[in-house]
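Asker: Just passing along the structure, written as structure tokens.
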């Protein structure tokens with residue numbers, strides 16, 4: 002039965018280039034998941050967009066003497082370039098700057114206001130007398146009251162992950178001028194999160210399929226008790242507040258950007274000429290998956306579900322498979338601190354599939370993992386070139402040269418032949434279960450185990466030796482190896498779509514690789530092959546030192 006799968010991916014701030022942490026944390030696992038479900042024949046809607054309204058954009062604009070819109074436009078285009086080069090298969094990648102997003106945000110705001118889940122109240126907010134303005138969250142820095150980190154912000158501590166208010170910081174200071182802010186009264190709208198505490202606890206306790214880190218992290222916050230949070234700010238950049246008297250205030254970015262999942266779905270449906278099509282992915286038996294980094298867990302397991310509960314009629318998240326952090330050469334990657342491997346820079350010198358492979362097999366699903374250039378070169382050379390690439394190249398090249406460029410007809414298969422084919426069938430089935438449960442790292446490990454087993458099978462059969470005395474036996478072992486490669490190109494397609502498409506072509510198929518589905522695919526004897534080229538390039542170890550020096554530049 003066809004499933005309806007909604008995939009929402011965290012919205013990156015359009016204030017700087019994308020780095021590998023963004024890709025490993027949210028974008029790559031989401032793309033793998035989407036490609037897998039499309040192969041299964043399920044209906045998939047994968048959306049995201051650039052966050053144009055966060056204070057990181059205004060901070061960058063002030064630093065560069067530009068407008069926030071100019072900064073957001075520039076980086077949005079850079080994001081689109083990265084997605085295209087990396088092969089991220091969005092159904093829609095938009096931004097929070099569209100009229101549609103503003104309209105959907107206003108509608109949800111007014112609905113929650115009408116139902117009593119949003120209310121007005123005066124609150125004490127930081128004000129910088131030197132800069133003569135109220136300070137948005139990220140314009141205030143100080144010491145975290147929970148973990149003691151001296152670089153916490155007025156919205157969150159990145160070190161311990163706790164959401165914060167500026168008033169909770171110890172020794173707060175203005176980010177721009179460095180002086181301690183005053184706290185003055187100002188009127189704002191609040192989201193009544195406290196009204197949803199019991200419902201959220203009951204709901205989260207039932208999510209046994211969530212990753213333990215996500216479920217436990219969320220329950221820990223809920224046990225501490227939910228506090229109502231201000232959802233408007235005294236700023237000029239952002240979505241307007243749709244209430245008279247609040248013209249000089251804007252809706253808080255972490256209220257409106259998560260609404261982007263819904264607004265993007267509506268934008269996608271409208272662009273297709275079927276305005277109500279979005280409901281297929283938000284109502285009924287559809288399932289919503291939200292791919293994010295661990296620093297955004299609470300917004301997707303508490304805030305967003307609370308907002309959906311308050312509005313009513315829309316599905317709550319089915320799963321929030323948040324990844325941990327990807328460190329870079331054993332140090333935490335950071336856009337703001339310029340410690341990163343930038344995606345566009347990487348792809349200007351290297352192909353996308355080796356990067357997708359290394360980030361997949363080292364994905365930070367349950368704990369932080371590290372990217373190093375030494376490990377990238379090792380895995381590229383030892384696993385992609387020497388294992389999978391070598392398997393494809395030597396089988397296809399030898400077959401092409403010795404069997405008139407065609408898939409040879411097999412003689413009777415023996416137990417060894419049937420054993421490796423059964424392993425391929427078992428791998429398809431096991432990866433099916435793993436991918437459906439967002440276990441991407443384990444899935445690609447199983448695929449590479451099949452490639453290793455196929456190489457051992459070839460070494461045992463030695464068709465390049467046997468062909469001199471028994472051409473039929475050589476034909477059979479090559480046919481079996483080709484059928485295994487045919488399955489490998491399918492199960493690796495979600496992870497490495499560019500190389501899988503090449504293998505599909507080398508095997509003589511003319512259609513799109515997705516047409517074959519997620520299943521065992523027969524390979525017709527006599528089918529014309531295409532003479533293959535190497536799938537992957539061996540990398541020189543000398544690049545390790547060169548690339549390590551480039552980090553952050």
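Numbering (my numbering), first residue to last: 2 to 554. Note that beta-carbon positions come from the ideal geometry of N, C-alpha and C, so glycine has one too. Predicted model only: the values in this text are computed from it and were never measured.
1. Mapping the DSSP letters down to three states, classify residue 265 as helix, strand or coil.
2. Let me know the secondary structure DSSP gives residue 231 once reduced to three states.
3. Who are the near neighbours of residue 382 in its chain, counting only those whose CB is closer than 8 Å to its CB and skipping five residues on each side?
4. For the beta strand (DSSP E) containing residue 550, name the first residue and the last one.
5. If you draw a straight line from the C-alpha of residue 36 to the C-alpha of residue 63, how long is it?
6. Where are the alpha helix (DSSP H) runs, 4 residues long or more, that stay fully inside the stretch 191-217, in chain order?
7. Can you list, in chain order, the residues of its chain whose CB lies under 7 Å from that of residue 215, leaving out five sequence neighbours each side?
8. Looking at residue 426: is its Cβ nearer than 8 Å to the Cβ of residue 521?
9. Which same chain residues, not among the five before or five after residue 492, have their C-beta less than 7 Å away from its C-beta?
10. Give the secondary structure of residue 433 by DSSP, where H, G and I count as helix, E and B as strand, and everything else as coil.
11. Grouping DSSP H, G and I as helix and E and B as strand, with all else coil, what is residue 129?
12. When you compare only the Cα positions, how much space is there between residue 177 and residue 438?
13. For the structure I just gave you, are there three or more beta carbon pairs, one from the stretch 325-336 and one from the stretch 35-52, closer than 8 Å?
14. Just checking my contact of residue 393 with residue 536 at CB under 8 Å: how many whole Å lie between their CB atoms?
15. Quick one: what does DSSP say residue 532 is sitting in, helix, strand or coil?
16. Grouping DSSP H, G and I as helix and E and B as strand, with all else coil, what is residue 175?
17. Opposite residue 41 in the DSSP bridges: which residues?
18. Can residue 306 and residue 220 be called in contact, C-beta distance under 8 Å?
19. If you scan the stretch 4-90 from start to end, which runs of the alpha helix (DSSP H) of 4 or more residues do you find wholly inside it?
20. If distances are taken between C-alpha atoms only, which option among 49, 468, 530 and 549 comes closest to residue 269?
21. What does DSSP give as the partner residues of residue 324 in its beta bridges?
22. Ordered along the chain, which non-local residues of its own chain (more than five positions away) have a Cβ less than 6 Å from that of residue 131?
23. Measure the C-alpha to C-alpha separation of residue 318 and residue 411 and round it to an integer number of angstroms.
24. In whole angstroms, give me the CA-to-CA distance for residue 148 and residue 335.
25. Please go through the same chain and pick out, in chain order, the residues whose beta-carbon is closer than 7 Å to the beta-carbon of residue 84, but skip the five residues on each side of it.
26. Quick one, are the C-beta atoms of residue 483 and residue 396 less than 8 Å apart?
27. For residue 153, name the three-state secondary structure that DSSP assigns.
28. Relative to the C-alpha of residue 100, which residue among 282, 264 and 229 is closest?
29. With distances taken from CA atoms, which of 70, 373 and 351 is nearest residue 341?
30. Looking only at its chain, what residues have a beta carbon closer than 6 Å to the beta carbon of residue 386, apart from the 5 residues adjacent to it on each side?
Answerer: By the coordinates alone:
1. Locating residue 265 in the chain shown gives position 264, where the first residue counts as 1. Residue 265 falls in the helix class under three-state DSSP.
2. Stepping through the chain shown from its first residue, residue 231 is reached at position 230. Here residue 231 sits in strand by DSSP.
3. By 1-based counting over the chain shown, the position of residue 382 is 381. Hits under 8 Å: 539 and 540.
4. One-based indexing of the chain shown puts residue 550 at position 549. Here residue 550 belongs to no beta strand (DSSP E); instead the alpha helix (DSSP H) covers 544-551.
5. Your numbering for residue 36 matches position 35 in the chain shown. Your numbering for residue 63 matches position 62 in the chain shown. Each residue's alpha carbon lies about 40 Å from the other.
6. 198-206
7. Your numbering for residue 215 matches position 214 in the chain shown. These residues qualify, in order along the chain: 298, 302, 321 and 323.
8. As a working note, residue 426 is residue 425 in the chain shown. As a working note, residue 521 is residue 520 in the chain shown. A contact, by the Cβ cut-off of 8 Å.
9. Mapped onto the chain shown, residue 492 falls at position 491. Closer than 7 Å at Cβ, skipping near neighbours: 428, 429, 432 and 448.
10. Start at 1 with the first residue of the chain shown, and residue 433 comes out as number 432. Residue state, collapsed to three classes: helix.
11. In the chain shown, the residue the question calls residue 129 occupies position 128. DSSP places residue 129 in strand when its eight states are reduced to three.
12. Reading the chain shown from its first residue, position 176 is the one you call residue 177. Reading the chain shown from its first residue, position 437 is the one you call residue 438. Straight-line Cα distance between these residues: approximately 45 Å.
13. no
14. Position 392 of the chain shown, counting from 1, holds the residue named residue 393. Position 535 of the chain shown, counting from 1, holds the residue named residue 536. Right, the Cβ-Cβ distance comes to about 6 Å (below 8 Å), so this counts as a contact.
15. In the chain shown, counting from the first residue as 1, residue 532 sits at position 531. Note: residue 532 maps to coil in three-state DSSP.
16. Stepping through the chain shown from its first residue, residue 175 is reached at position 174. Residue state, collapsed to three classes: strand.
17. As a first step, residue 41 must be located in the chain shown, where it is residue number 40. Paired residue(s): none; residue 41 is not in a bridge.
18. Translated into positions along the chain shown, residue 306 becomes position 305. Translated into positions along the chain shown, residue 220 becomes position 219. Result no, Cβ atoms of residue 306 and residue 220 do not sit closer than 8 Å.
19. 29-40, 56-65 and 69-87
20. Your numbering for residue 269 matches position 268 in the chain shown. Ranking 49, 468, 530 and 549 by Cα distance to residue 269 puts 49 first.
21. Mapped onto the chain shown, residue 324 falls at position 323. Answer is 294, bridged to residue 324.
22. Translated into the one-based positions of the chain shown, residue 131 becomes position 130. Closer than 6 Å at the Cβ level, and outside the excluded window around residue 131, lie 178 and 180.
23. As a first step, residue 318 is located in the chain shown; it is residue number 317 there, counting from the start. As a first step, residue 411 is located in the chain shown; it is residue number 410 there, counting from the start. Looking at the two C-alpha atoms, the distance is approximately 49 Å.
24. Numbered from its first residue, the chain shown carries residue 148 at position 147. Numbered from its first residue, the chain shown carries residue 335 at position 334. Near 19 Å, if we compare the C-alpha coordinates of residue 335 and residue 148.
25. Mapped onto the chain shown, residue 84 falls at position 83. Around residue 84: 91 and 94.
26. On the chain shown, position 482 is the one that residue 483 refers to. On the chain shown, position 395 is the one that residue 396 refers to. Cβ distance < 8 Å, so residue 483 and residue 396 count as in contact.
27. In the chain shown, the residue the question calls residue 153 occupies position 152. Three-state DSSP puts residue 153 in a strand.
28. For this step, residue 100 is matched to residue 99 along the chain shown. Among 282, 264 and 229, the Cα nearest to that of residue 100 belongs to 264.
29. Reading the chain shown from its first residue, position 340 is the one you call residue 341. Residue 341 has its Cα closest to that of 373, out of 70, 373 and 351.
30. As a working note, residue 386 is residue 385 in the chain shown. Cβ neighbours of residue 386 beyond the five flanking positions: 537 and 539.
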